[in-house]
Amino acid sequence: MEDCSSGDEAYDYSSDRDSLDAIENEEPDYPGVSSKSSSTKVITKESLLAAQKEDLRSVMDLLSLKEHHARTLLIHYRWDVERLLTVFVERGKASLFSEAGVSMVECQETNSVLSSSCTIMCEICIEEVLGDKATRMDCGHCYCNDCWTEHFIVKINEGQSKRIRCMAHKCNAICDEAVVRNLVSKRHPDLAEKFDRFLLESYIEDNKMVRWCPSTPHCGNAIRVEDDEFCEVECSCGFQFCFSCLSEAHSPCSCLMWELWIKKCRDESETVNWITVHTKPCPKCHKPVEKNGGCNLVSCICGQAFWSIFFAFHHCL
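One point on numbering: in UniProt numbering, the residue at position 230 of the sequence shown is 230, and numbering is uninterrupted.
Quick look at the structure:
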């Protein structure tokens, strides 16, 4: 019979030492975690909109843009204002806009409000409609409101609220959020609210410098860091966590080492569970003994024999 002892005297620590040495050798590729950051800001549910508006306003003022154009740029560049401005300086406005899906068409016909005296042929449903029953996007493509509404509903339900593109073939222009909200709310007010919620939450979910607090139950707050994304922060609810991997605070251990340590603990826990289920303790030395075949009489390496089912002592002659 097999002795499955797991005492400290039988444990080989050399493998762990080798693993830690390997991790240390890889350390330059995985940034460590600094101590608690001093330049952090807690964003509550109530202040989330104001924080988003602040970044929107800075881009709108610097580039003289409408709000939905500024939002499209910020979502594309993950709300990184500095990176957005760097691309603008290095590549120019045309490249900045085309990469993000902001239309560069500049003519009077791009006005979304059409005259009710004219009629247009919708290329989607192939029907003529009055001008006030159709909408033209910034890219210049014009379709009836019913087709636009159906398009918006599908995209919102598919989770694409943040970047709903024009229906025209190969057109990458992002639709005006005000037009989306106006048309959808007339038919599905609850869906329009869902659309607004997705736009608001994009400030956190698409922003590398902002994270939801991972507390359980969720406190509803988010944390924004101003300088280092590899740091530990503390929410106003009292929960401390690593801003990079969202695990509990683990400095000076790097995120990679912490992940490997958690995995090691989890694997060892599974080993203990297996030993508990598949072995019986020897009544003499108390080490786990596995029955791997034959009758219910098992022998430990210490020489003690016992019945594996009833744990009755049975000394062999």
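Positions of the beta carbon are idealized from the N, C-alpha and C atoms, including for glycine.
Query                                                                                                                : Result
Proximal residues to S58 (C-beta, below 8 Å), its chain only, five neighbours per side dropped                       : V81
Residues near R83 in its chain [Cβ-Cβ closer than 6 Å; skip 5 each side]                                             : Y77
C-beta contact flag for F239 and A249 at 7 Å                                                                         : no
Under 7 Å between C-beta atoms of C245 and C213                                                                      : no
Of the residues K133, T72 and V89, the one placed nearest N172, counting alpha carbons only                          : T72
Residue nearest to L62 in terms of C-alpha spacing, selected from S39, T86 and T40                                   : T86
Three-state secondary structure assigned by DSSP to Q240                                                             : strand
CA nearest to the CA of I223, picked from K162, C265, V233 and R181                                                  : V233
Own chain partners of W258 with C-beta closer than 8 Å, once the 5 adjacent residues on each side are dropped        : C242, C245, S247 and H250
Residues of its chain near T40, where Cβ-Cβ distance is below 7 Å and the 5 sequence neighbours each way are ignored : I223, R224, V225 and V233
R197 to E123 span [Cα, whole Å]                                                                                      : 31 Å
C-beta contact flag for N56 and A70 at 7 Å                                                                           : Position check: residue 56 holds Leu in this sequence, whereas Asn was assumed. Taking 7 Å as the Cβ cut-off, L56 and A70 qualify as a contacting pair.
Where T149 falls, given that 16 or more other Cβ within 10 Å makes a residue buried                                  : buried
Extent of the continuous alpha helix (DSSP H) to which M60 belongs                                                   : L48 to L63
Cβ neighbours of C125 in the same chain (closer than 6 Å, five flanking residues each side left out)                 : C147
Buried versus exposed call for V102 [16 or more other C-beta atoms within 10 Å across all chains shown]              : buried
Rounded straight-line distance, which links the Cα of K170 to that of L96                                            : 19 Å
Closest Cα partner of L191 within the set T135, Q160, M137 and V210                                                  : Q160
For T40, the residue or residues it bridges with in DSSP                                                             : V225
Start-to-end residues for the beta strand (DSSP E) that takes in E299                                                : First, the residue type needs correcting, since residue 299 is Ser and not Glu in the sequence shown. Where S299 is concerned, the enclosing beta strand (DSSP E) stretches over L297 to S299.
DSSP-derived helix/strand/coil call for A305                                                                         : strand
Candidates C295, P288 and G294, of which the one nearest C302 by Cα                                                  : P288
Nonlocal neighbours in the same chain, by C-beta distance under 8 Å from V184, ignoring five residues either side    : T149, F152, I153, I156, L191, A192 and F195
Local Cβ density within 10 Å of F306, reported as buried at 16 or more and exposed below that                        : buried
Alpha-carbon to alpha-carbon, K264 and C253                                                                          : 15 Å
Cα-Cα separation between L200 and A50, rounded to whole angstroms                                                    : 10 Å
Selection from S115, V277, W274 and S299 that minimises the alpha carbon distance to C142                            : S115
Proximity of D206 and I43 at Cβ, strictly below 7 Å                                                                  : no
Assigned exposure category for D176 - 16 Cβ within 10 Å defines buried                                               : buried
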